[in-house]
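Asker: Supplied in structure tokens, the structure appears directly below.
In the working numbering, the protein residues as written are 141 to 405.
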């Protein structure tokens, strides 16, 4: 897979038919989908054969994403086990407040150190698995140990949630904030297509223009289950015409072998 392609996040896979989503993404030049698999130590089980059906319809890689909380080593091990259990192709970590040095209750070296602790064990268990970090738009204003993630081969998917925060969270603002921590070719904004705090999410046309202004290549959409066919068509047209992402030739991925794990959700 390539992070320079376009992807989509799924939170509630039961809200979207894998065949329909797979065909819409494939036909519009998207490259991957990621399903929620855990929130901290709480497993979010993936429905039945959703992953298999999505792959069969689309030929696209399927990854897992997880919210990180306060137990970095245990959560890294859990992510590893779930990647095996569901035969997933990549992982996206979502650390936020629990990984910041400064927070509402003051400063904490322990919180800041969680990044290094997570990536150290995750890479020991998953040395070659493609991985990304999804987090705050402006890395330069949030004191997470971003460099630990970059050193460990995680690309950055900053949350360009204009629907929630307006222009301060534009893709260009996210890319500018990441410049001191990640190389430019490792920054791929995520645009918010859910109902945020504003008047509603920008249109796909507007988001495509904002991504073009940012000069980044590769993006993702959060959340896939809120999208409609015309949204995917618009993003697909932008991928083809203004190259906000590289369309990936469809190949049937070879899923990793499911591990013989004693883990049970």
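Note that the Cβ used here is the ideal one computed from N, Cα and C, for glycine as well.
Is it the case that the Cβ atoms of residue 141 and residue 190 are separated by a distance below 7 Å?
Answerer: No. Outside cutoff.
Asker: Can you tell me the Cα-Cα spacing of residue 384 and residue 357, whole angstroms?
Answerer: Taking the straight line from one Cα to the other gives about 5 Å.
Asker: Which of helix, strand or coil does DSSP assign to residue 362?
Answerer: Three-state result, residue 362: strand.
Asker: Could you tell me the alpha carbon to alpha carbon distance between residue 341 and residue 181, rounded to whole angstroms?
Answerer: Between residue 341 and residue 181, the C-alpha separation is close to 31 Å.
Asker: Should residue 333 and residue 361 be called a contact, given that it needs their Cβ atoms to be closer than 7 Å?
Answerer: Contact flag set, yes.
Asker: How is residue 306 classed by DSSP in three states: helix, strand or coil?
Answerer: Correct three-state label for residue 306: helix.
Asker: Roughly how many whole angstroms lie between the Cα atoms of residue 286 and residue 335?
Answerer: Taking the straight line from one Cα to the other gives about 28 Å.
Asker: Comparing C-alpha positions only, which one of 151, 198, 240, 155 sits nearest to residue 183?
Answerer: The option with the nearest alpha carbon to residue 183 is 151.
Asker: Since residue 331 and residue 300 are thought to touch, with beta carbons under 8 Å apart, how far apart are those beta carbons, to the nearest angstrom?
Answerer: About 5 Å; that satisfies the 8 Å criterion.
Asker: In chain order, what residues of the same chain have a beta carbon less than 6 Å from the beta carbon of residue 353, not counting five sequence neighbours either side?
Answerer: Correct list, in chain order: 312.
Asker: If we require 4 or more residues per run, which alpha helix (DSSP H) segments fall completely within the stretch 245 to 321?
Answerer: The stretch 245 to 321 contains these whole alpha helix (DSSP H) runs: 249 to 265, 286 to 291, 302 to 305, 311 to 318.
Asker: Rounded to whole angstroms, what is the Cα-Cα separation between residue 145 and residue 316?
Answerer: Cα to Cα, residue 145 sits roughly 20 Å from residue 316.
Asker: Which stretch, first to last residue, makes up the alpha helix (DSSP H) that contains residue 151?
Answerer: Note, residue 151: premise wrong, no alpha helix (DSSP H); not H, not E.
Asker: Could you give the first and the last residue of the continuous alpha helix (DSSP H) run that contains residue 220?
Answerer: Where residue 220 is concerned, the enclosing alpha helix (DSSP H) stretches over 212 to 225.
Asker: Excluding the 5 residues flanking residue 110 on each side, which residues of the same chain have their C-beta closer than 6 Å to its C-beta?
Answerer: In this structure the chain extends from 141 to 405, so residue 110 is not present and cannot be described.
Asker: Which of the three DSSP states, helix, strand or coil, is assigned to residue 203?
Answerer: Residue state, collapsed to three classes: strand.
Asker: May I ask you to report which of helix, strand or coil DSSP gives residue 179?
Answerer: Correct three-state label for residue 179: strand.
Asker: Kindly indicate the opening and closing residues of the alpha helix (DSSP H) around residue 374.
Answerer: First-last of the alpha helix (DSSP H) with residue 374: 369 to 382.
Asker: Whole angstroms are fine: how far does the CA of residue 198 sit from the CA of residue 238?
Answerer: Rounded to whole angstroms, residue 238 to residue 198 spans 36 Å at the Cα level.
Asker: On a Cα-Cα basis, can you pick out the residue from 245, 265, 213, 261 that is closest to residue 224?
Answerer: Among 245, 265, 213, 261, the Cα nearest to that of residue 224 is on 265.
Asker: Check this for me: beta carbons of residue 159 and residue 193, under 7 Å apart or not?
Answerer: Taking 7 Å as the Cβ cut-off, residue 159 and residue 193 qualify as a contacting pair.
Asker: Using three-state DSSP, classify residue 185 as helix, strand or coil.
Answerer: Coil at residue 185, not helix or strand.
Asker: State the DSSP-derived secondary structure class of residue 332, mapped to helix, strand or coil.
Answerer: Looking at residue 332 - three-state DSSP - the assignment turns out to be strand.
Asker: Tell me, please, which residues DSSP counts as bridged to residue 242.
Answerer: Residue 242 is bridged to 247.
Asker: First and last residue of the alpha helix (DSSP H) that includes residue 160?
Answerer: Counting along the chain, the alpha helix (DSSP H) containing residue 160 begins and ends at 158 to 167.
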